[in-house]
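So the sequences go chain by chain: A and B. Using full-length UniProt numbering, read the first sequence as starting at 1 and increasing by one per residue. Using full-length UniProt numbering, read the second sequence as starting at 1 and increasing by one per residue. From the three backbone atoms N, C-alpha and C, an ideal C-beta is built for every residue, glycine too. Note that this is a predicted model, so its numbers are computed, not measured. For reference, the structure is listed below as structure tokens.
Protein chains: 2
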Amino acid sequence: MNNNLARVDGTRVLADLHALRAIGPYKTGVHKPTFSEPHLRSLQWLVQRLPEAGLAGEIDGIGNIVGTSTKPGPKLLAGSHLESQNHAGWLDGPLGVVYALEAARVINPDPNTSGAVEVASWCDEEGHFGHFLGSRSYVGGVTEADIDAARDRNNDRSMRDALRDAGLAGRARARYERGRHIGYLEAHIEQGETLESSDLKIGIVTSIVGIWQYRITFTGEQNHAGTTRMAVRRDAGLALARFCVDIDARFPAVCGPRTVWTTGRITLDPGAPSIIPGAAEMLFQIRDDDPGVIARLEDLLRSMAAEVDKQGTVVVERIRTGAPALMDVSFQQAIEQAGAACAGGRSLRMPSGAGHDAQILATVMPAGMLFVPSIGGISHHWTENTADADIITGAVVFVEACRTILTQRDSA
Amino acid sequence: MNNNLARVDGTRVLADLHALRAIGPYKTGVHKPTFSEPHLRSLQWLVQRLPEAGLAGEIDGIGNIVGTSTKPGPKLLAGSHLESQNHAGWLDGPLGVVYALEAARVINPDPNTSGAVEVASWCDEEGHFGHFLGSRSYVGGVTEADIDAARDRNNDRSMRDALRDAGLAGRARARYERGRHIGYLEAHIEQGETLESSDLKIGIVTSIVGIWQYRITFTGEQNHAGTTRMAVRRDAGLALARFCVDIDARFPAVCGPRTVWTTGRITLDPGAPSIIPGAAEMLFQIRDDDPGVIARLEDLLRSMAAEVDKQGTVVVERIRTGAPALMDVSFQQAIEQAGAACAGGRSLRMPSGAGHDAQILATVMPAGMLFVPSIGGISHHWTENTADADIITGAVVFVEACRTILTQRDSA
Numbered sequence: 001m002n003n004n005l006a007r008v009d010g011t012r013v014l015a016d017l018h019a020l021r022a023i024g025p026y027k028t029g030v031h032k033p034t035f036s037e038p039h040l041r042s043l044q045w046l047v048q049r050l051p052e053a054g055l056a057g058e059i060d061g062i063g064n065i066v067g068t069s070t071k072p073g074p075k076l077l078a079g080s081h082l083e084s085q086n087h088a089g090w091l092d093g094p095l096g097v098v099y100a101l102e103a104a105r106v107i108n109p110d111p112n113t114s115g116a117v118e119v120a121s122w123c124d125e126e127g128h129f130g131h132f133l134g135s136r137s138y139v140g141g142v143t144e145a146d147i148d149a150a151r152d153r154n155n156d157r158s159m160r161d162a163l164r165d166a167g168l169a170g171r172a173r174a175r176y177e178r179g180r181h182i183g184y185l186e187a188h189i190e191q192g193e194t195l196e197s198s199d200l201k202i203g204i205v206t207s208i209v210g211i212w213q214y215r216i217t218f219t220g221e222q223n224h225a226g227t228t229r230m231a232v233r234r235d236a237g238l239a240l241a242r243f244c245v246d247i248d249a250r251f252p253a254v255c256g257p258r259t260v261w262t263t264g265r266i267t268l269d270p271g272a273p274s275i276i277p278g279a280a281e282m283l284f285q286i287r288d289d290d291p292g293v294i295a296r297l298e299d300l301l302r303s304m305a306a307e308v309d310k311q312g313t314v315v316v317e318r319i320r321t322g323a324p325a326l327m328d329v330s331f332q333q334a335i336e337q338a339g340a341a342c343a344g345g346r347s348l349r350m351p352s353g354a355g356h357d358a359q360i361l362a363t364v365m366p367a368g369m370l371f372v373p374s375i376g377g378i379s380h381h382w383t384e385n386t387a388d389a390d391i392i393t394g395a396v397v398f399v400e401a402c403r404t405i406l407t408q409r410d411s412a
Numbered sequence: 001m002n003n004n005l006a007r008v009d010g011t012r013v014l015a016d017l018h019a020l021r022a023i024g025p026y027k028t029g030v031h032k033p034t035f036s037e038p039h040l041r042s043l044q045w046l047v048q049r050l051p052e053a054g055l056a057g058e059i060d061g062i063g064n065i066v067g068t069s070t071k072p073g074p075k076l077l078a079g080s081h082l083e084s085q086n087h088a089g090w091l092d093g094p095l096g097v098v099y100a101l102e103a104a105r106v107i108n109p110d111p112n113t114s115g116a117v118e119v120a121s122w123c124d125e126e127g128h129f130g131h132f133l134g135s136r137s138y139v140g141g142v143t144e145a146d147i148d149a150a151r152d153r154n155n156d157r158s159m160r161d162a163l164r165d166a167g168l169a170g171r172a173r174a175r176y177e178r179g180r181h182i183g184y185l186e187a188h189i190e191q192g193e194t195l196e197s198s199d200l201k202i203g204i205v206t207s208i209v210g211i212w213q214y215r216i217t218f219t220g221e222q223n224h225a226g227t228t229r230m231a232v233r234r235d236a237g238l239a240l241a242r243f244c245v246d247i248d249a250r251f252p253a254v255c256g257p258r259t260v261w262t263t264g265r266i267t268l269d270p271g272a273p274s275i276i277p278g279a280a281e282m283l284f285q286i287r288d289d290d291p292g293v294i295a296r297l298e299d300l301l302r303s304m305a306a307e308v309d310k311q312g313t314v315v316v317e318r319i320r321t322g323a324p325a326l327m328d329v330s331f332q333q334a335i336e337q338a339g340a341a342c343a344g345g346r347s348l349r350m351p352s353g354a355g356h357d358a359q360i361l362a363t364v365m366p367a368g369m370l371f372v373p374s375i376g377g378i379s380h381h382w383t384e385n386t387a388d389a390d391i392i393t394g395a396v397v398f399v400e401a402c403r404t405i406l407t408q409r410d411s412a
């Protein structure tokens, strides 16, 4: 095994990550919204790297890249994404793509390991246009009508226009072939502080939590901010603020140990300083890996809405339902073994609070995920980072886990 | 006196208001942002009406119209504005312009009344580009640099571009001539429910409240909404919601009897459903006609900010300071007399909670304001309305008050 480990080139892994960081830099992070120029350049960068790993691939009709191998034996699919949130970190996405590329570069030319790692970059994991459009397209979950309807939430550009501008209109979309892959493995930064605070190096993902999202709208009475006495106001914005504070007071008694909830966006209508808001809207999200917990919280949310209905009309509308995805047990074992051999056993089984393409791939094949520590637990911000040593340790464990999975399958 | 009253043509007043309503209609209201096509068309409509009242005037270099008379004797300036808030009511502004026009049509040709009413339409009272830019320009409070800097808050178009597109670039701006006018009178809908709820027909404005405006910013820690445990979050949006609720709980003990406060806009940064807001901002406004009350409330606001500073940084920044404006006592008496003669004495002295151009004119000449009832107290909304009979009563009282003011001055 030590012989194999020597073949992971940590310097090459870091160099690749820095090459991607240099495309669309923003402070110490990057700004690469889906189909932006730096995102497209990052995709071209990956296409040019594929031959180094004995792979062939192009950008497909939805911005995915799936590099395929002609090597005989089992195929393991591995990857992540190359676009970023706005003004966000350099590792969220690229880390998993570069690990996959490194695994392919190490394993595919190795005659002693049967089979190959195939490398994927899924488009729009960050949801500029929708939810996991790239990976969902690959598993057959995106229709042409879905693409017609998708628009960039940053600037309202249609996905069709973005694909046309990128020269991708009319290209075929890569599709999942039943039986081709023995599974999917993805690496990612943890995006939390569990590993760092326990001085651990590898997270073995047991499940990816589901995301339930709600649009909660408050209707009051729009009026003049100078002439309407306080006593007769029906201020939709104030009703919304009360609701946020009330959620924070009442959810803890009902939630599970790992439940999280977030109000990420608030809009007052019309949003002018001299007008009492007649309407207000909040985007509210709950995450858990237990649908039973979500059901209890949603009941609470709806009963809270009914309680405050005397102040104005409150409507709770569920706009996204996320089923939790379980990670394959044998993949978890392979990562744990690799962590024992290459990271001094400093690994931990944990759920993923964030959504990842692995949850989409898990609907059609066994899937697993590996986490590396995030400094300060920070992510979705340009200060996101991971220590170089941890990046290299993660790469070594990832490549070893790929080899273990391929070898077990070949001998099974 | 009855002889005079007969000369107000209620049908003509209503027809004029409906003509303006038909320019840029939105549901039962209008949508005429400053320098929009329907706003400009409304200004041209007024220019074409001026000769009916023996007045001459053009749109000036900032979008004001001041129609002047060559009739000997005292001159009373009267008017309001013709642009609207977005998707707002049909009377907010046009009522005061049409009353002024009607007063000029009745009084100016009348050889028995010395002097004339001159009609003004002030640009941008609604503040699409700034605060009272039109009336402030007239009294000498707007520099060329102020115009250079002004931008449309709806679409960020510069005022220079708007003036150029309207064909007004390079035109001179009408300026206040010291001694020309004996004062300024403006009519407006009440924008509250005080008159309606007491079955009164005329509001005699005693003062226009000052507006103090604050930008309150909260800094937390931007992080991933799925991976950051509730216990370690520093959610700037939640801190803002708590602050809003806290204001509502604590202001009533410190405010005056007519103080009003409003959070009209809330922005979470970055405003994405899967990101814990790292920053949040609210635009907060307080109105009162007593600067002492405002000082107490501002102290409370700052001490509240200091208290919650442990959750994150809170900055309270005053971005607008409004001095209350007192209305001229003899103008109040003239309106009261006219109300006694023509509205059965169903009038009430009251402060204006809303800002009006009269507060700007009051800095250079005696000023007065008359209110008519608002149905349901609604304003700044397309459902804003006033009963036809109340519109006509208001016009009769307004014209009579103009005549009284001119007559008193002429005989003084």
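- The beta-bridge partner set that DSSP reports for Ala280 (chain A) consists of A:Phe218 and A:Leu268.
- Distance between Asp60 (chain A) and Val119 (chain A), taken at the CA atoms: about 14 angstroms.
- Interface annotation, Ala325 (chain B): not in contact with chain A, CB-CB separation never under 8 angstroms.
- Per the DSSP secondary-structure output, Ser352 (chain A) pairs in a beta bridge with A:Ile208.
- By the Cβ criterion, the region 289 to 304 of chain A is not in contact with the region 294 to 301 of chain B, since fewer than three pairs of Cβ atoms, one from each stretch, lie closer than 8 angstroms.
- Identification of residues in the region 364 to 392 of chain A having a C-beta nearer than 7 angstroms to some C-beta of chain B yields Gly377, Ile378, Ser379, His380 and His381, given in sequence order.
- Rounded to whole angstroms, Thr113 (chain A) and Gly10 (chain A) show a C-alpha spacing of 20 angstroms.
- For the set B:Asn385, B:Val245, B:Ala395 and B:Thr404, the Cα lying nearest the Cα of Thr28 (chain B) is the one of B:Asn385.
- Here Arg136 (chain A) is buried. Its C-beta has 16 or more other C-beta atoms within 10 Å.
- By the rule that beta-carbons nearer than 8 angstroms mark a contact, Ser274 (chain A) touches chain B.
- The beta carbon of Val397 (chain B) is closer than 6 angstroms to those of Ile202, Ala338, Gly339, Cys342 and Ala343 in its chain, skipping five residues each way along the sequence.
- DSSP, read as helix, strand or coil, puts His39 (chain B) in helix.
- Taking 9 angstroms as the Cβ-Cβ cut-off, the region 226 to 244 of chain B approaches chain A at Gly226, Thr227, Thr228, Arg229, Met230, Val232, Arg233, Asp235, Gly237, Leu238, Leu240, Ala241, Arg242, Phe243 and Cys244, given in chain order.
- The closest CA to that of Pro72 (chain A), considering only A:His39, A:Arg41, A:Pro109 and A:Trp45, is found on A:Pro109.
- Ranked by Cα distance from Gly134 (chain A), the options A:Ser42, A:Arg49 and A:Cys123 are led by A:Cys123.
- The beta-carbon of His224 (chain A) is placed less than 8 angstroms from the nearest beta-carbon of chain B.
- According to DSSP, Ala367 (chain A) shares a beta bridge with A:Tyr184.
- Sequence-distant Cβ neighbours of Thr404 (chain B) in its own chain, meaning closer than 7 angstroms and more than five residues away, are Ala334, Gln337 and Ala338.
- Across the structure, Thr228 (chain A) and Arg320 (chain B) are spaced so that their CA atoms are roughly 20 angstroms apart.
- Per the Cβ contact rule, the region 324 to 331 of chain A is in contact with the region 199 to 213 of chain A (3 or more Cβ pairs under 8 angstroms).
- Partner residues in the beta bridge of Ala325 (chain A), as assigned by DSSP, are A:Ile208.
- When A:Met282, A:Ala272, A:Ala100 and A:Asn64 are compared, the shortest CA-CA separation from Tyr214 (chain B) is found for A:Ala272.
- The beta carbon of Phe284 (chain B) sits closer than 6 angstroms to those of Tyr214, Ile216 and Thr263, all from its chain and outside the five residues before and after it, given in chain order.
- Within 9 angstroms of the CB of Asn86 (chain A), the CB atoms of chain B belong to Pro270 and Ala272, in sequence order along the chain.
- Contact annotation: in the region 181 to 192 of chain B, residues whose CB is within less than 8 angstroms of a CB in chain A are Glu190, Gln191 and Gly192.
- Taking C-beta separations shorter than 8 angstroms and ignoring five residues to either side along the sequence, the partners of Leu14 (chain A) in its chain run Asp388, Ile391 and Ile392, following chain order.
- For the region 95 to 117 of chain A, the set of positions with a beta-carbon nearer than 8 angstroms to some beta-carbon of chain B is empty.
- Residue burial is scored here from C-beta neighbours: Pro94 (chain B) has at least 16 other C-beta atoms within 10 angstroms and is therefore classed as buried.
- DSSP places His224 (chain A) in the strand class (E or B) of the three-state scheme.
- For the C-beta of Gln213 (chain A), the chain B residues within less than 7 angstroms are, from N- to C-terminus, Pro273.
- Within the DSSP secondary-structure output, Asp290 (chain B) pairs in no beta bridge.
- For Leu50 (chain B) against Ser121 (chain B), the beta-carbon gap comes to about 10 angstroms, at or over 8 angstroms, which does not count as contact.
- Secondary structure of Arg151 (chain B) (DSSP, three-state): strand.
- A:Ala236 is the residue among A:Ala231, A:Ala236 and A:Met230 whose C-alpha sits nearest the C-alpha of Gln222 (chain A).
- Interface residue (Cβ-Cβ distance to chain B less than 8 angstroms): Thr219 (chain A) is not classified as such.
- Within the region 89 to 168 of chain B, complete alpha helix (DSSP H) segments of at least 4 residues are found at 94 to 107, 133 to 138, 144 to 149 and 159 to 165, given in chain order.
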